[in-house]
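>
Residue numbers (mature numbering (1 follows the signal peptide of the UniProt record, and there is no 0)): -18 to -1, 1 to 711.
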């Protein structure tokens, strides 16, 4: 989660740092840890579109978390040409702001040219407020600017997705079933264990067997910590929430210190650019990246105005159109094989719509020729909504924010600048509502209100389009499938978190506690109002439209306050009082609701605008291929394909989507006799420190086998290092 905009803060009273090598001066360490970001082995970062080839086998739209994952993997084969078009800049000019983890709080790029700076529409469920929706606009995407949490969803959530996506019930061989997805996530990572001092001081627990060992993205911990964090799990335990000693292997409920996207060798951010691109050991002439290039649409075969059926695969992309600015002429690069959209939850759906693929009424009102009437595009937009409570600390407590503002030598050290918030907990409903009658009442209320919710969703239409058209029945049916999955399966599961709790220490003399809803029943939509991609789309996540969401979030917020004030909670000894909202003797449910509606913000995890579901459920991409319905050669691979939110930060599962997506592409061309498997470019130097390994690596001995549509697929996994850390993505 991006803590910068939600006052996330961490607290402390003594500190421990992992010492750097005594033989290495601090200034040298600073220089060395950024040198690999600008090495001479990276692929071409083109400064002019005139340097591009006339055509590429694969054009990837978006150089973020998933996009760079896919580009690195596909370019392992030197005979496969790959182009990445990224709207943002390289980020070289702000390398220290990206690479030093703590700068996500103290010198954030949010609000700068490296931020898309979206806003939601006015939210009727939140007193008409518009919320900021920052997204990274830089090579690496949101992984270059986020809070670097690395958390995996629970098995029950992934398997629920696989069941909704599968044409047959309970298909364990699906790439979206837990076993395959878990393997893909592990293949993207290298686990960096903390030092004994850091581990013991913060109370970190982990099972080394649950992590990957030679992937591009480093799953680590900060090199600096605070003893107060060792009170996090005991405090939650005092409220009946157990500690989780292995939260990444299929059950993430309970409390733990989460992994962070940090490379231990130099205490820098590990993200998609550093891991999958900058660390490639041998230059690749078949991989080009053009930054500052905003994709304006997909070019289709022929100039016919014909409309194609969503149930076909007849609409073929022949190129991608882009512009270097809103006033620059549009240019076209040709595509030999496929277009892969990895522009994120907002960008991928917007590009499909301006290219003529989406809900017919929306496209017509925006002045776009309809190529495929695909009503699910942009629908079921979701996000994690977070509420933050602030508490002043006692005089014995020193927070990370206090050290930072001191401008001491310690505050400038790489170890301190690697400290980011990471203590978290996921709570099932049974931990939030300890009264069985209250729990059953909530679930029954959610189930009984489904029909009215579906009707409201169907008739909500598209604000501002003038069409007034109702939402397509297939989309409503998909909403119903997701709704019942949440209420009938996830609500009752002890391994499915409905609320995430967090603690932050990054402000002076302040502790911030946060609660974020994980499976909102409220789902909205995004849509275009113009055929110009430089005009921001309407973003309507429909926050708190369902009152059950408010009840769950309120219960999480009340638990936070109990965590801070209960005499049985070890955290209470470090807190002198609540400052936001101001403490009062009795806080009613109405008081809490008013505070939630007036102060809550995004957890920076938008998803689900291009859902991977059957067409009959309003899906946008075929789960077996991630191909956009109605098209022959356009796929979507990013967080937009998740059909529903999960109890996780979205970085880890989005890497999983990228890894699996590459395998699906390779399988398709292997079947057709036109292979794109890893060959001569797949060698790498390993994942260690320094420049690390390539964003590719491994050979057939390191492949992951999954079954897709009855066909065994090898996912060739490369070595490397790096990460994105968002959640975004």
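From the three backbone atoms N, C-alpha and C, an ideal C-beta is built for every residue, glycine too.
Note that this is a predicted model, so its numbers are computed, not measured.
Note the first and the last residue of the continuous beta strand (DSSP E) segment covering residue 302.
Element bounds for residue 302: 299 to 305.
> Note down the Cα distance separating residue 480 from residue 654, rounded to an integer number of angstroms.
Residue 480 and residue 654: Cα-Cα distance of roughly 44 Å.
> Bridge partners for residue 550 per DSSP, in chain order?
Answer is none; residue 550 lacks a bridge partner.
> For the alpha helix (DSSP H) that contains residue 399, what are its first and last residues?
Looking at the DSSP string, residue 399 is not in any alpha helix (DSSP H), and its letter there is neither H nor E.
> Would a C-beta distance cut-off of 8 Å place residue 629 and residue 139 closer than the cut-off?
Cβ distance < 8 Å, so residue 629 and residue 139 count as in contact.
> Identify whether residue 564 lies in helix, strand or coil by the three-state DSSP scheme.
Three-state DSSP puts residue 564 in a strand.
> For residue 586, which of helix, strand or coil comes out of DSSP?
Here residue 586 sits in coil by DSSP.
> May I have the straight-line CA-CA distance separating residue 96 from residue 49, to the nearest angstrom?
Each residue's Cα considered, the two are about 17 Å apart.
> Is residue 482 helix, strand or coil when you go by DSSP?
Three-state result, residue 482: strand.
> Measuring CA to CA, which of 71, 57, 398, 35 is closest to residue 45?
Nearest option by C-alpha distance: 71.
> What does the Cβ neighbour count give for residue 380, buried or exposed, with the cut at 16 atoms within 10 Å?
Counting Cβ neighbours within 10 Å, residue 380 comes out buried, since at least 16 surround it.
> Who pairs with residue 340 in a beta bridge, going by DSSP?
Partner(s): 355.
> For residue 598, which three-state DSSP category applies?
Here residue 598 sits in helix by DSSP.
> Whole angstroms is fine: what's the gap from residue 559's alpha carbon to residue 313's?
When rounded, the distance between both Cα atoms is 59 Å.
> Identify, in the order they occur along the chain, each residue of the same chain with its Cβ nearer than 6 Å to the Cβ of residue 110, setting aside the five sequence neighbours on each side.
Around residue 110: 104.
> Look at residue 484 and residue 406 and say whether their C-beta atoms are less than 8 Å apart.
Yes, the Cβ-Cβ distance between residue 484 and residue 406 is below 8 Å.
> Going by DSSP, which residues form a beta bridge with residue 371?
Answer is 495, bridged to residue 371.
> Is the distance from the Cβ of residue 98 to the Cβ of residue 119 below 8 Å?
Yes, the pair counts as a contact, with Cβ atoms nearer than the cut-off.
> Could you say if the region 504 to 519 and the region 347 to 367 meet the contact criterion of at least three C-beta pairs nearer than 8 Å?
Yes, since at least three Cβ pairs between the region 504 to 519 and the region 347 to 367 fall closer than 8 Å, the two stretches touch.
> I need the DSSP call for residue 440, collapsed to helix, strand or coil.
It is helical.
> Runs of 3 residues minimum, wholly inside the region 178 to 241: which ones carry the beta strand (DSSP E) assignment?
Whole beta strand (DSSP E) segments, 3+ residues: 199 to 201, 236 to 239.
> Could you have a look at residue 165 and say whether DSSP puts it in helix, strand or coil?
Correct three-state label for residue 165: helix.
> Under the three-state reduction of DSSP, which class applies to residue 716: helix, strand or coil?
The requested residue 716 is not part of the displayed model; the chain covers only -18 to 711.
> In this structure, does DSSP put residue 529 in helix, strand or coil?
Helix at residue 529.
> Going by beta-carbon coordinates alone, are residue 425 and residue 469 separated by less than 8 Å?
Their beta carbons are under 8 Å apart, which means residue 425 touches residue 469 by this criterion.
> Return yes when the Cβ of residue 228 is within less than 8 Å of the Cβ of residue 182, no when it is not.
No.
> Which residues mark the beginning and the end of the beta strand (DSSP E) in which residue 315 is found?
Here the beta strand (DSSP E) through residue 315 covers 313 to 323.
> Taking the Cβ atom as the reference point for each residue, do residue 543 and residue 269 lie within a distance shorter than 8 Å?
No, the pair does not count as a contact, with Cβ atoms beyond the cut-off.
> Alpha carbon to alpha carbon, what distance is there between residue 206 and residue 392?
The straight-line gap from Cα to Cα measures roughly 10 Å.
> To the nearest angstrom, report how far apart residue 157 and residue 221 are at their CA atoms.
So the two alpha carbons sit approximately 38 Å from each other.
> To the nearest angstrom, report how far apart residue 359 and residue 341 are at their CA atoms.
If I take the Cα positions, the gap works out to 7 Å.
> Does DSSP classify residue 538 as helix, strand or coil?
It is helical.
> Name the DSSP bridge partner or partners of residue 245?
In DSSP, residue 245 forms a bridge with 250.
> Below 6 Å CB to CB, which residues in the same chain sit around residue 6 once its five sequence neighbours on both sides are set aside?
The predicted model places residue 6 with a pLDDT of 32, which falls under 50 and marks its position as unreliable; any figure quoted below should be read in that light. Counting only Cβ-Cβ distances below 6 Å, and skipping sequence neighbours, we find nothing.
> At which residues does the beta strand (DSSP E) containing residue 272 begin and terminate?
Note, residue 272: beta strand (DSSP E), 269 to 273.
> Residue 35: buried (16+ other C-beta within 10 angstroms of its C-beta) or exposed?
Classification for residue 35: exposed.
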